[in-house]
Amino acid sequence: VPISDLGLTFELLDGDEAADGAYQFTKHNKLPPEFPSKLRGVLCSKATFPHVTCTRDRALFMRARLPKDPDSDPDPDSANGSTDEYLEEEVFVYEDEEVADKVADVGSRHGMDDGWADKLTEKL
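Heads up: the sequence shown begins at 5 in the numbering used here, then just goes up one per residue.
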């Protein structure tokens, strides 16, 4: 998608979420904070771009499985290690959310203490 006013070109690959692409494009090009929502609006116009994936209005900043042992590393690929080593629930952090808050929320639902959340937040 050419963005003629800025002399930039935006590219979104098949299967990529428009919200994620718009957020990354905005950050990379140091564009104003309102730009991602405007770009999502254009991209998610089914009449103009019928094959663009538009399931969210916010970008996914980070996703990871969290280990039960706070001295272990989180798994950002959600594919490594035994499931016994990790909580069943993954943490999802969207744009404008705090990693610490989301980690603490997931931990509290699984009986983890504040020290656990603090250690993992530092690693993320």
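Positions of the beta carbon are idealized from the N, C-alpha and C atoms, including for glycine.
As the structure is a computational prediction, the values presented were derived from the model and not from experiment.
Give every residue of the same chain whose Cβ lies closer than 7 angstroms to the Cβ of residue i, excluding the five residues on either side of it in the sequence, and list them in chain order.
{"i": "residue 12", "result": "33"}
Just to confirm my understanding: we take residue i, look at its own chain, exclude 5 residues before and 5 after, and list those with CB closer than 8 angstroms. What are they?
{"i": "residue 77", "result": "71 and 127"}
{"i": "residue 52", "result": "46"}
{"i": "residue 119", "result": "74"}
Straight-line CA distance for residue i to residue j?
{"i": "residue 20", "j": "residue 57", "result": "6 angstroms"}
{"i": "residue 115", "j": "residue 9", "result": "51 angstroms"}
{"i": "residue 28", "j": "residue 123", "result": "27 angstroms"}
{"i": "residue 79", "j": "residue 91", "result": "11 angstroms"}
{"i": "residue 16", "j": "residue 43", "result": "12 angstroms"}
{"i": "residue 104", "j": "residue 125", "result": "5 angstroms"}
{"i": "residue 108", "j": "residue 35", "result": "31 angstroms"}
{"i": "residue 59", "j": "residue 89", "result": "31 angstroms"}
{"i": "residue 113", "j": "residue 95", "result": "11 angstroms"}
{"i": "residue 14", "j": "residue 38", "result": "16 angstroms"}
{"i": "residue 18", "j": "residue 49", "result": "16 angstroms"}
Could you work out which residue in the options is closest to residue i when comparing CA atoms only?
{"i": "residue 102", "options": "115, 121 and 31", "result": "121"}
{"i": "residue 87", "options": "69, 65, 45 and 44", "result": "69"}
{"i": "residue 97", "options": "52, 47, 18 and 24", "result": "24"}
{"i": "residue 62", "options": "22, 74, 54 and 55", "result": "22"}
{"i": "residue 65", "options": "38, 100, 89 and 50", "result": "100"}
{"i": "residue 106", "options": "74, 73 and 67", "result": "67"}
I want to see whether chain B comes within less than 9 angstroms of residue i, judged by CB atoms only; does it?
{"i": "residue 13", "result": "Among the chains in the structure shown there is no chain B, since it carries only a single protein chain."}
DSSP has residue i in a bridge; who is on the other side?
{"i": "residue 66", "result": "97"}
{"i": "residue 71", "result": "90"}
{"i": "residue 57", "result": "21"}
{"i": "residue 79", "result": "69"}
Residue i lies in the alpha helix (DSSP H); which residues open and close that run?
{"i": "residue 125", "result": "118-127"}
{"i": "residue 115", "result": "It is not in any alpha helix (DSSP H) - residue 115 carries neither H nor E in the DSSP assignment."}
{"i": "residue 49", "result": "Taken as a continuous stretch (DSSP letters only), residue 49 belongs to no alpha helix (DSSP H), as it is neither H nor E."}
Could you name the residues of the same chain whose beta carbon sits closer than 6 angstroms to that of residue i, not counting the 5 residues immediately before and after it, in chain order?
{"i": "residue 40", "result": "26, 27 and 30"}
{"i": "residue 93", "result": "110"}
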